[in-house]
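Only one structure is covered here, and it is reproduced in the block below.
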């Protein structure tokens, strides 16, 4: 993403002009857009014309429109973004108030204007325009006959290719058909890797599968690389890392990224950090349930009690609450200035968390398909005097409303 122009006033109103230059930038743009924003971009409009003889014809013309955004549709597989709204600026082809749908295109600039730009949106623009924030991790999740080639970016996971080949079963006395099908499958995966993985950017390629499929594939991959004298694969052989996964489906990427060996190898990537934060939350939820909670009401109570140590937030929080667009920051994000909170905004929540694990939390977590906010690992601290702190104690959230009364008692301490 390139930032061409930025004009934000002191009251946080203003506009920015951006140019998306890769597919992931459409995801960033999707998270920037809100209903009521003003979007100006180049688009195609079908226009009807009438000749002097009275005959009516139609043609498609390229023009620039400014829309008041009403509907935002994002296709995560194709990384396509369509924005529907009404025209709010005079145009020779489109009347004021007429509806139009703009499909944003790569390498074509657009201007986005908002009445209020909050810090979360501005941070996302800064992240999207940072050239260092690229897809430095690739993964091949496979099983016999199925492989998913995925790029793990700082903001999302991109499915670049899905390889499916029918593998016949081994027959008694003859395995020729089975072996030939496996070779075709491995060759298709190899071509997918060469086509979709940029080894100049990618630091690590994770190859995960159940059983020995990954080992057989890597053996075939580099055997063919030697035979074909493929220097790209041979020079980047140290980047390949074999890990275990329970299946070849995309959701198994979560297992791969949570593997301790992978975490240490990818310690400098955002994806590994997010997975570790979620794993810590699940462990605490299992072993110390009085210190791990989630849900909007609990976060509000913990915030009022100054009881939050680590706050995990899905970036979906800034898009939807109860099915409608967020127009302002929700109450849990307004913390007292004296609180010190470690806040982690998770962008891979939808892509890497298995539905099965989400269902195991509680009905509250799946009240909506995207439970937007939860927090973990909180500690309560009381200021006894200006000289120091009281003993740090974990406390169940049901006692959070009791804290304010406890603070008035100076003669009793909890140890």
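In the working numbering, the protein residues as written are 6 to 420. Backbone N, C-alpha and C fix where the C-beta goes; we use that ideal spot for every residue, glycine too.
In terms of Cα proximity to residue 71, the closest of 105, 79, 57 is 105. When the Cα atoms are used, residue 23 and residue 114 turn out to be separated by approximately 6 Å.
Counting of Cβ neighbours within 10 angstroms places residue 239 among the exposed residues, the total staying below 16.
The way I'd put it, the stretch 56 to 74 does touch the stretch 93 to 104; three or more beta-carbon pairs between them come closer than 8 Å. Going by C-alpha positions, residue 226 is about 23 Å away from residue 266.
Scanning the stretch 143 to 213 from its first residue to its last, the whole alpha helix (DSSP H) runs of 4-plus residues come out as 181 to 201. A straight-line Cα-Cα distance of about 11 Å links residue 271 and residue 244. In the structure shown, the three-state DSSP call for residue 229 is helix. Taking the Cβ atoms as the reference, residue 37 lies roughly 6 Å from residue 129, within the contact range of under 8 Å.
In the three-state DSSP reduction, residue 53 falls in the strand class (E or B). Residue pairing by DSSP puts residue 12 in a beta bridge opposite 20.
With contacts defined by Cβ atoms closer than 9 Å, residue 170 and residue 193 form a contacting pair. Closest in alpha carbon position to residue 82, among 302, 218, 216, 165, is 165. C-alpha of residue 57 to C-alpha of residue 46: approximately 32 Å in a straight line. For residue 135 and residue 175, the gap between their C-alpha atoms comes out near 51 Å.
Between residue 91 and residue 103, the gap from beta carbon to beta carbon is short of 9 Å. Around the CB of residue 87, fewer than 16 other CB atoms lie within 10 Å, so the residue is classed as exposed. Contact between residue 218 and residue 149 holds, with the beta-carbon distance rounding to 6 Å and staying under 8 Å. For residue 120, the CB contacts under 6 Å within the same chain, skipping 5 residues up- and downstream, are 18 in chain order. In the DSSP assignment, residue 71 falls within the beta strand (DSSP E) that extends over 61 to 80.
Annotation for residue 58: no alpha helix (DSSP H) segment contains it, and DSSP assigns it neither H nor E.
Here DSSP, grouped into helix, strand and coil, assigns residue 98 to coil. The beta carbon of residue 13 sits closer than 6 Å to those of 19, 122, all from its chain and outside the five residues before and after it, given in chain order. With a 10 Å radius around the Cβ and a threshold of 16 neighbouring Cβ atoms, residue 308 comes out buried. Between residue 133 and residue 84 the beta-carbon gap is near 13 Å, outside 8 Å, which marks them as no contact.
In the structure shown, residue 254 adopts coil according to DSSP, grouped into three states. The Cβ neighbour count for residue 214, taken over all protein chains shown within 10 Å, is at least 16; the residue is labelled buried.
Linking residue 147 to residue 306 through their CA atoms gives a straight-line distance of about 44 Å. Between residue 183 and the set 236, 145, 172, the nearest pair of CA atoms involves 172.
For the options 216, 181, 186, 145, the alpha carbon positioned closest to that of residue 197 is the one of 145.
Sequence-distant Cβ neighbours of residue 252 in its own chain, meaning closer than 7 Å and more than five residues away, are 148, 215. Secondary structure of residue 271 (DSSP, three-state): coil. Going by C-alpha positions, residue 118 is about 23 Å away from residue 80.
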